[in-house]
Amino acid sequence: MKIQELINTVNYWDSTLLTLDINYFADELTLKCEEGSFLFVGCNNLNIENYHVSSEEEISPKHWEYGKSPYSLQDIKVVELNKDTKNKYQGIYQVNILMDLMLIKLTCNKITVKDEKITL
Numbered sequence: 027m028k029i030q031e032l033i034n035t036v037n038y039w040d041s042t043l044l045t046l047d048i049n050y051f052a053d054e055l056t057l058k059c060e061e062g063s064f065l066f067v068g069c070n071n072l073n074i075e076n077y078h079v080s081s082e083e084e085i086s087p088k089h090w091e092y093g094k095s096p097y098s099l100q101d102i103k104v105v106e107l108n109k110d111t112k113n114k115y116q117g118i119y120q121v122n123i124l125m126d127l128m129l130i131k132l133t134c135n136k137i138t139v140k141d142e143k144i145t146l
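So the sequence shown is numbered by our numbering: it starts at 27 and just counts up by one.
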């Protein structure tokens, strides 16, 4: 199964984004939504375009209740740039993650998908 097909097995479309974590000096990016989670490792060329503008009356994102973010996943597109690899799911991937109010573009060398529904 190709990595895009594996990602599509998680019914993530329109699910609320629960967490977006960037760790190890932007080497790892983790997205967790109601339907599962996605881990991108060996990241470079990480670009985040955030279109959410907070007003003074709004609650700061650091104070949002779990599961109450305004972000929902719309689409995750993966293009495999290096198909000559021995490991089935490891190569070089160009990834675009589209949300209601955010666009993330990155290149990584490993993607892990967990299809685990999270109950709020």
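A virtual CB, placed ideally from N, CA and C, is assigned to each residue, including glycine.
- Under the three-state reduction of DSSP output, Leu65 falls in the strand class.
- Residue burial is scored here from C-beta neighbours: Phe64 has at least 16 other C-beta atoms within 10 angstroms and is therefore classed as buried.
- In this structure, the straight-line span from the alpha carbon of Thr42 to that of Pro96 is close to 8 Å.
- Its chain contains Gln100 and Asp101 as the residues whose beta carbon lies nearer than 6 Å to that of Leu124, once the 5 sequence neighbours on both sides are disregarded; these appear in chain order.
- Distances from the alpha-carbon of Leu132 to those of Asn73, Asn49, Tyr50 and Glu91 put Asn73 closest.
- Around the Cβ of Glu142, a 10 Å sphere holds fewer than 16 other Cβ atoms; the residue is exposed.
- In the DSSP assignment, the residues bridged to Lys131 are Asn73 and Asn122.
- Take the alpha-carbon of Trp39 and the one of Leu32: they are about 14 Å apart.
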